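Comments concern the structure below.
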Amino acid sequence: MIRIQFLAAAMLLLGLNLALADSPLKFEDPWSPLAPPGRTMAGFVTIHNQGDADITLVDATSPQFGRIELHTMTMDEGVMRMRRLDELVVTSGRKVVLQPGGRHLMLFEPEGSFEDGDTINVDLIDSDGNQHSVGLRVRPRD
Ligand SMILES: [Cu+2]
Numbered sequence: 005m006i007r008i009q010f011l012a013a014a015m016l017l018l019g020l021n022l023a024l025a026d027s028p029l030k031f032e033d034p035w036s037p038l039a040p041p042g043r044t045m046a047g048f049v050t051i052h053n054q055g056d057a058d059i060t061l062v063d064a065t066s067p068q069f070g071r072i073e074l075h076t077m078t079m080d081e082g083v084m085r086m087r088r089l090d091e092l093v094v095t096s097g098r099k100v101v102l103q104p105g106g107r108h109l110m111l112f113e114p115e116g117s118f119e120d121g122d123t124i125n126v127d128l129i130d131s132d133g134n135q136h137s138v139g140l141r142v143r144p145r146d
């Protein structure tokens, strides 16, 4: 019985590693500005698509947050406003930059609080249902 459980766990881990290794998305400087406990947070990262096919991100999840949305900032009569994006296309061979004042991940309903140096684990989900894992490092805003 114990042996079977161990085997199942080992296979799960193996599958997970393969899935991670398979993602053509590479993430540069993934981070999240430190925020007061309970507050909605943001996620920033440069996403580089090193694969042959375009990837359309449509959703994101994290065990540490109730809900995540893709957002963009737009100028509306001189005022910056956030708007939800239904999808974010990362063209083959290109980079998409999520940064302060621009496109970003919006992290709603934090479970617990985060300190400088913590990691927020996010799975970005594409239109084919594939998951792309990225760890956002929590740090003070520059
Ligand atoms: Cu936002």
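Following this note's numbering, the numbering of the sequence shown begins with 5 at its first residue and continues without gaps. All C-beta atoms, glycine included, are put in the ideal place defined by N, C-alpha and C. Computed from a prediction, not measured in an experiment: that's the story for all the values here.
Legend entry - Heavy atom of ligand 1 within 8 Å of Ala46 beta-carbon: Yes, Cβ of Ala46 sits closer than 8 Å to a heavy atom of ligand 1.
Inset, instruction - Report yes if the C-beta of Met1 is less than 8 Å from at least one heavy atom of ligand 1; otherwise report no. - result: Outside the displayed range of the chain (5 to 146) lies residue 1, so it cannot be described from this structure.
Legend entry - Where Asp26 falls: helix, strand or coil (DSSP): Judged by DSSP in its simplified three-state form, Asp26 adopts helix.
Inset, instruction - Work out the CA separation of Asp56 and His108 for me, nearest whole Å. - result: 24 Å
Legend entry - Residues near Pro144 in its chain [Cβ-Cβ closer than 8 Å; skip 5 each side]: Pro37, Leu38, Asp120
Legend entry - CA-to-CA distance, Arg85 to Ser137, given in whole angstroms: 28 Å
Inset, instruction - Would you kindly work out how many angstroms separate the C-alpha atoms of Asp127 and Thr65, rounded to a whole number? - result: 5 Å
Inset, instruction - Report the residue from Leu140, Gly133, Asp63, Arg98 whose alpha carbon sits nearest the alpha carbon of Ile72. - result: Asp63
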